[in-house]
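In what follows, a single structure is set out as structure tokens and then discussed.
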């Protein structure tokens with residue numbers, strides 16, 4: 001693929017600084033990463049996961065699930081315009097929220113676990129107080145459906161992405177957009193902050209990924225290698241490794257310092273790979289696929305094992321904080337728990 005030469009750009013605010021604008025934090029990766037990682041302990045093998053139980057979470061398709069860090073609480077976002085919180089392992093619903101006027105596309109927990117962010121086909125990004133289940137803040141600025149969101153580790157910034165080809169950075173204190181990132185030439189489908197840093201990863205239907213320095217508002221690297229629109233990309237905690245997936249089912253692993261070409265490629269096609277997630281040790285990768293399978297990949301050997309039981313397109317997948325449980329959700333409204 002020919003490398004794009006179009007200069008990246010970001011629209012920095014032209015208005016005077018708001019008195020409540022948050023200062024961008026100093027990068028604290030070396031100290032905090034060690035604290036956040038801890039000791040993941042003995043990790044399960046690819047073939048040791050079995051379907052433990054299923055939760056009928058929504059009547060309509062589930063677009064995204066997200067686990068509260070360090071807790072046995074799972075959030076689900078659905079085409080029924082609602083989000084719900086589930087207590088694991090019993091699978092009991094503990095909270096639900098409604099307020100979007102169209103389908104939900106993603107959800108993400110605040111680092112402190114007190115709030116949940118959601119994106120939607122109604123073009124907005126909403127922030128919810130989990131003590132009462134009410135929307136406390138709505139960000140309006142995207143002109144088309146929003147697809148994904150990610151909190152900065154400090155908890156004061158939220159990134160979002162949209163079909164309008166942009167990603168935006170929202171300041172939760174001043175409650176305004178601090179930055180609009182314009183580089184991609186098609187829908188931006190996911191955003192992901194690098195932990196304890198000011199680096200943001202975006203992926204797009206234009207078949208590329210980009211890294212941004214949110215302090216400067218500039219694109220610092222571009223990943224070119226996919227031949228089909230990219231659905232999702234994520235970073236492995238503590239490692240300089242990126243995983244991305246596309247509509248043909250191709251999953252690429254990248255070295256964040258060498259974006260010119262992927263380190264490894266896994267073919268999970270021919271149907272779409274919709275989401276990817278690393279386990280805590282970053283040695284295993286889960287892939288949510290439209291062929292109803294969850295695939296588990298050994299990152300070092302690229303050996304692949306499949307989990308069957310979803311029966312329909314799998315839209316979202318995640319590991320728990322121990323790496324010993326996999327959770328998936330998809331078009332049939334079920335959440336499957338694998339242990």
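In the UniProt record's numbering, the protein residues as written are 1 to 339. Beta carbons are placed, not taken as given, at the ideal position from N, Cα and C, and that holds for glycine. Just so you know, these numbers come straight off a predicted model, no measurement behind them.
For this session: Starting from residue 181, follow the beta strand (DSSP E) in both directions and report where the run begins and ends.
Result: One-based indexing of the chain shown puts residue 181 at position 181. That run of the beta strand (DSSP E) goes 176 to 182.
For this session: Throw me the rounded Cβ distance for the residue 206 and residue 186 pair, which I believe falls under 8 angstroms.
Result: The residue labelled residue 206 in the question sits at position 206 within the chain shown. The residue labelled residue 186 in the question sits at position 186 within the chain shown. Indeed, because the Cβ distance is near 4 angstroms, the residues count as touching under 8 angstroms.
Exercise. Should residue 173 go down as buried or exposed, given a rule of 16 or more other Cβ atoms within 10 Å for buried?
Worked result: Position 173 of the chain shown, counted from the start, is the residue given in the question as residue 173. So residue 173 counts as exposed.
Exercise. Residue 333 and residue 314: beta carbons closer than 8 angstroms?
Worked result: Stepping through the chain shown from its first residue, residue 333 is reached at position 333. Stepping through the chain shown from its first residue, residue 314 is reached at position 314. Cβ distance not < 8 angstroms, so residue 333 and residue 314 don't count as in contact.
Exercise. DSSP on residue 45, reduced to helix/strand/coil?
Worked result: Here residue 45 corresponds to residue number 45 of the chain shown, with the count starting at 1. The answer is coil: DSSP assigns residue 45 none of H, G, I, E or B.
For this session: Quick one: give me the first and last residue of the beta strand (DSSP E) that residue 284 is part of.
Result: On the chain shown, residue 284 is found 284 positions in, with the first residue counted as 1. If you look at residue 284, you'll find it in the beta strand (DSSP E) that goes 284 to 289.
For this session: Using beta-carbon positions only, say whether residue 320 and residue 92 come within less than 8 angstroms of one another.
Result: One-based indexing of the chain shown puts residue 320 at position 320. One-based indexing of the chain shown puts residue 92 at position 92. Going by C-beta atoms, residue 320 is not nearer than 8 angstroms to residue 92.
For this session: Could you check if residue 317 is buried or exposed, using at least 16 other CB atoms within 10 Å of its CB as the buried criterion?
Result: As a working note, residue 317 is residue 317 in the chain shown. In this structure residue 317 is buried. Its beta-carbon is surrounded by 16 or more other beta-carbon atoms within 10 angstroms.
Problem set entry | Local conformation of residue 213 per DSSP, three classes | As a working mapping, residue 213 is identified with position 213 in the chain shown. Strand at residue 213.
Exercise. When DSSP labels each residue in this structure, what does residue 264 get in the three-state scheme?
Worked result: Here residue 264 corresponds to residue number 264 of the chain shown, with the count starting at 1. Residue state for residue 264 is assigned as strand, using DSSP reduced to three classes.
Exercise. In terms of residue numbering, what span does the beta strand (DSSP E) encompassing residue 403 cover?
Worked result: Nothing can be reported for residue 403: it is not among the residues displayed for the chain, which extend from 1 to 339.
Problem set entry | For residue 106, the three-state DSSP class (helix, strand or coil) | Working through the chain shown from its first residue, we reach residue 106 at position 106. Strand.
Exercise. Taking the C-alpha atoms as reference points, what is the distance between residue 34 and residue 196?
Worked result: As a working mapping, residue 34 is identified with position 34 in the chain shown. As a working mapping, residue 196 is identified with position 196 in the chain shown. Residue placement at residue 34 is poorly supported in this model, since its pLDDT is 48, which falls under 50; the coordinates still yield a value, given next. Rounded to the nearest angstrom, the gap between the Cα atoms of residue 34 and residue 196 is 11 angstroms.
For this session: Check whether the segment 281 to 296 touches the segment 52 to 59, taking contact to mean three or more Cβ pairs, one atom from each stretch, closer than 8 angstroms.
Result: These segments do not touch.
Problem set entry | Given residue 338 as reference, the closest of 322, 95 and 307 once Cα atoms are compared | If you number the chain shown from 1, residue 338 lands on position 338. When only C-alpha atoms are compared, the closest one is 307.
Exercise. Do residue 148 and residue 189 have their CB atoms nearer than 8 angstroms?
Worked result: Along the chain shown, read from residue 1 onward, the residue named residue 148 stands at position 148. Along the chain shown, read from residue 1 onward, the residue named residue 189 stands at position 189. Yes, the pair counts as a contact, with Cβ atoms nearer than the cut-off.
Exercise. With C-beta atoms as the reference, is residue 294 less than 8 angstroms away from residue 328?
Worked result: As a first step, residue 294 is located in the chain shown; it is residue number 294 there, counting from the start. As a first step, residue 328 is located in the chain shown; it is residue number 328 there, counting from the start. Cβ atoms of residue 294 and residue 328: closer than 8 angstroms.
Problem set entry | Cβ-based neighbour list, residue 198, same chain, cut-off 8 angstroms, excluding 5 preceding and 5 following | Position 198 of the chain shown, counting from 1, holds the residue named residue 198. Result list for residue 198: 24, 25, 27, 152, 213, 214 and 215, in chain order.
Exercise. Taking the alpha-carbon positions, what's the residue 63 to residue 163 distance?
Worked result: Position 63 of the chain shown, counted from the first residue, corresponds to residue 63. Position 163 of the chain shown, counted from the first residue, corresponds to residue 163. Residue 63 and residue 163: Cα-Cα distance of roughly 16 angstroms.
For this session: Reducing DSSP to helix, strand and coil, say where residue 339 ends up.
Result: Translated into the one-based positions of the chain shown, residue 339 becomes position 339. For residue 339, the secondary structure class from DSSP, reduced to helix, strand or coil, is coil.
Exercise. How about residue 160 and residue 184: do their beta carbons lie closer than 8 angstroms?
Worked result: As a first step, residue 160 must be located in the chain shown, where it is residue number 160. As a first step, residue 184 must be located in the chain shown, where it is residue number 184. Against a cut-off of 8 angstroms, the Cβ pair of residue 184 and residue 160 comes out as no contact.
For this session: Could you tell me whether the Cβ atoms of residue 224 and residue 251 are closer together than 8 angstroms?
Result: Residue mapping note: residue 224 aligns to position 224 of the chain shown, counting from 1. Residue mapping note: residue 251 aligns to position 251 of the chain shown, counting from 1. No, these two residues do not count as a Cβ contact at 8 angstroms.
For this session: Give every residue of the same chain whose Cβ lies closer than 7 angstroms to the Cβ of residue 70, excluding the five residues on either side of it in the sequence, and list them in chain order.
Result: As a first step, residue 70 must be located in the chain shown, where it is residue number 70. Annotation for residue 70: 321 place their beta carbon closer than 7 angstroms to its own, counting only its chain and skipping 5 residues before and after.
Exercise. Between the C-alpha atoms of residue 171 and residue 47, what's the straight-line distance to the nearest angstrom?
Worked result: For the purposes of this step, residue 171 is identified with residue 171 of the chain shown, where counting begins at 1. For the purposes of this step, residue 47 is identified with residue 47 of the chain shown, where counting begins at 1. If I take the Cα positions, the gap works out to 43 angstroms.
Exercise. Taking C-alpha atoms, which residue in 138, 279 and 261 lies nearest to residue 101?
Worked result: In the chain shown, counting from the first residue as 1, residue 101 sits at position 101. When 138, 279 and 261 are compared, the shortest CA-CA separation from residue 101 is found for 138.
Exercise. Beta strand (DSSP E) containing residue 144: first to last residue?
Worked result: Along the chain shown, one-based indexing puts residue 144 at 144. Neither: residue 144 is in no beta strand (DSSP E) and is coded neither H nor E.
For this session: Could you spell out where the beta strand (DSSP E) holding residue 232 opens and where it closes?
Result: Locating residue 232 in the chain shown gives position 232, where the first residue counts as 1. Its beta strand (DSSP E) spans residues 230 to 235.
For this session: Kindly indicate which residue of 227, 90, 256 and 200 has the alpha-carbon position closest to the one of residue 249.
Result: In the chain shown, counting from the first residue as 1, residue 249 sits at position 249. It is 227 whose Cα lies nearest to the Cα of residue 249.
Problem set entry | Same chain, Cβ closer than 8 angstroms to residue 283, five either side skipped, listed in chain order | The sequence position of residue 283 within the chain shown is 283, counting from 1. Non-local beta-carbon contacts of residue 283 in its own chain, meaning distances under 8 angstroms to residues more than five positions away in sequence, involve 43, 298, 299 and 300 in chain order.
For this session: Alpha carbon to alpha carbon, how far is residue 285 from residue 326? Give it in angstroms, no decimals.
Result: The sequence position of residue 326 within the chain shown is 326, counting from 1. The sequence position of residue 285 within the chain shown is 285, counting from 1. One C-alpha to the other measures close to 11 angstroms.
For this session: Just the C-alpha distance for residue 78 and residue 104, rounded to the nearest angstrom, thanks.
Result: Along the chain shown, one-based indexing puts residue 78 at 78. Along the chain shown, one-based indexing puts residue 104 at 104. Their backbone Cα atoms lie some 5 angstroms apart in a straight line.
Exercise. In angstroms, rounded to a whole number, what distance separates the CA positions of residue 281 and residue 323?
Worked result: Walking along the chain shown from the start, residue 281 turns up at place 281. Walking along the chain shown from the start, residue 323 turns up at place 323. Each residue's alpha carbon lies about 8 angstroms from the other.
Exercise. Which partner residues of residue 224 appear in the DSSP bridge assignment?
Worked result: Taking the chain shown and counting its residues from 1, one reaches residue 224 at position 224. The secondary-structure analysis by DSSP pairs residue 224 across a beta bridge with 208.
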